[in-house]
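The structure appears below as C-alpha cells.
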Amino acid sequence: MREVPCEFLSGGEVGPNPRWHMPRHSHRVHELIVVLSGAMLLETDEETVRAGPGDLLFYRAGNPHKETSDPREPVNTYFISFNAPHMTVADFTLRMRDADARVRQMVTWLVRDHRAGVGAGQLKPLLQALLMEVRRLRTSPSDPWLDDLRRHMQQNLTRTVYLDDLARRSRMSKFAFVRKFKRLSGRTPMRELQWMRLNQARAMMLASALPVKAIAPAVGLNDEYQLSKLFRRHFNLSPREMRARVGL
11 MREVPCEFLS
21 GGEVGPNPRW
31 HMPRHSHRVH
41 ELIVVLSGAM
51 LLETDEETVR
61 AGPGDLLFYR
71 AGNPHKETSD
81 PREPVNTYFI
91 SFNAPHMTVA
101 DFTLRMRDAD
111 ARVRQMVTWL
121 VRDHRAGVGA
131 GQLKPLLQAL
141 LMEVRRLRTS
151 PSDPWLDDLR
161 RHMQQNLTRT
171 VYLDDLARRS
181 RMSKFAFVRK
191 FKRLSGRTPM
201 RELQWMRLNQ
211 ARAMMLASAL
221 PVKAIAPAVG
231 LNDEYQLSKL
241 FRRHFNLSPR
251 EMRARVGL
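Be aware that the sequence shown starts at 11, since it is given in my numbering, and climbs by one per residue.
Following this line, the structure appears as C-alpha cells:
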C-alpha cells in the first residue's frame, strides 16, 4: 500500500465562546489541537478528557470524537489538519503535554502563515519539525507532579502567583519544593512561570495585532515596560523588533 506523504492541509482558531460545541464527528485526515486558554471536554468511544492550557489533542483520522467548551472557562484553541506517514504518528496519544510550548509556537506560525496565503509546500518543513517535536515529547519521561503544577501555573498566568502558594499546594516546604521542581524541570518555579508568560506573550504577539500594553496584563505582567525588558533579556529583541522580523 502506498505510504501517505507528510502534507499540511489547513489551520485555524476556535475563539472563546461559552456555547461552543462540536457534536460527534470524525475526520478523513489527522488533526492536532493546541489549547491556548480555557478548558474543554473531549469525549471519544474509549475515554473522556478535560483539556486545558498546555495540552495537545491528537485526533487520528477516522476516530470519532465530541468537543464541548467549558462555559465557565471558554476554550481558545489553534488547530491544524494534515496527512502524515503511519509510522510518524503511530505512538501519538489522544492527549499530550507541550511543557515548553514549542509545539504551540510552531502551530502559531503554521496558522499565521496559512492565513497569509503561504502554500502547503512551503509549510511542509515546519510541519515536519512540529511532528518531530511531538515525537520527542512522547519519548521524554513525563512527571505527573510536574505536569499538574505546570498546568496550574498556566491556568493562572493572569494572577499573582506566589512561591509560598505553590509550595503549600504541593504540601512541601519552600526549600524542598524548589529543589524538587528544579531537579525535574531544570528551572526554578518562578523562572518557569516567567518563561510561560513570555511564551504566551510571544504567541499572542505573533498571532494577533494586539498592542503590547494589552498583552502584558493578559499574561500577568505589570505593564508593557516590564514585558519589553524581559523580551530584550531573553530574546535579544524588543516586541516591535520581533513582530517586524515576521512581517507583522
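Each residue gets a CB set at the ideal place from its N, CA and C atoms; glycine is no exception.
8 Å CB neighbourhood of E202 in its chain, flanking five on each side removed: R160, M163, F191, S195
If you follow the beta strand (DSSP E) that M106 is part of, which residue opens it and which one closes it? 105-107
Backbone CA spacing between L173 and M50 [nearest angstrom]: 28 Å
Using 8 Å for Cβ pairs, my map puts L66 next to R105. What's the rounded Cβ distance? 7 Å
D108 burial status per 10 Å Cβ neighbour count (16 or more: buried): buried
Determine the contact status of V45 and F92, defining contact as a CB-CB distance below 8 Å. no
Determine, using beta-carbon pairs with one atom in the region 85-104 and one in the region 138-148, whether at least three such pairs fall under 8 Å. yes
Per DSSP, S180 is paired with what? According to DSSP, S180 bridges with nothing at all.
Does the beta-carbon of M32 have 16 or more other beta-carbons within 10 angstroms, so that it is buried, or is it exposed? exposed
Nearest candidate by alpha-carbon position, reference A213, set Q115, R255, P221: Q115
Proximity winner among R193, R250, S180, relative to S211 (alpha-carbon distances): Looking at the sequence provided, one finds Ala at residue 211 rather than Ser. For the residues R193, R250, S180, the minimum Cα distance to A211 belongs to R250.
Name, in chain order, the residues that DSSP records as bridge partners for R60. L51
With 16 other CB atoms within 10 Å as the buried threshold, where does L237 fall? buried
According to DSSP, H75 sits in a beta bridge with which residue or residues? H35, T54
Please tell me whether R179 has its Cβ less than 8 Å away from any Cβ of chain D. In the structure shown, chain D does not exist; there is a single protein chain.
In its own chain, which residues sit with a C-beta less than 6 Å from the C-beta of D233, not counting the 5 before and 5 after it? A226
Measure the alpha-carbon distance for T141 versus R169 and round it to whole angstroms. According to the sequence as given, residue 141 is Leu; it is not Thr. Approximately 33 Å between the Cα atoms of the pair.
Looking at C-alpha atoms only, which residue of L42, T87, R82 is the closest neighbour of E23? T87
Could you tell me the alpha carbon to alpha carbon distance between E41 and A71, rounded to whole angstroms? 7 Å
Can you say whether A219 is buried or exposed, counting buried as having 16 or more other CB atoms within 10 angstroms of its CB? exposed
Tell me where the alpha helix (DSSP H) around D123 begins and ends. 112-125
Per DSSP, what kind of secondary structure is N2 in: helix, strand or coil? Residue 2 is absent from the structure shown; the chain starts at 11 and stops at 258.
Straight-line gap, S183 to V113 (C-alpha atoms, nearest Å): 33 Å
Inter-residue spacing [alpha-carbon to alpha-carbon] between R34 and C16: 26 Å
Give a yes or no on whether the C-beta atoms belonging to E53 and H75 are separated by under 8 Å. yes
Under the assumption that L137 contacts F18 (Cβ atoms under 8 Å), give the Cβ distance between them as a whole number of angstroms. 5 Å
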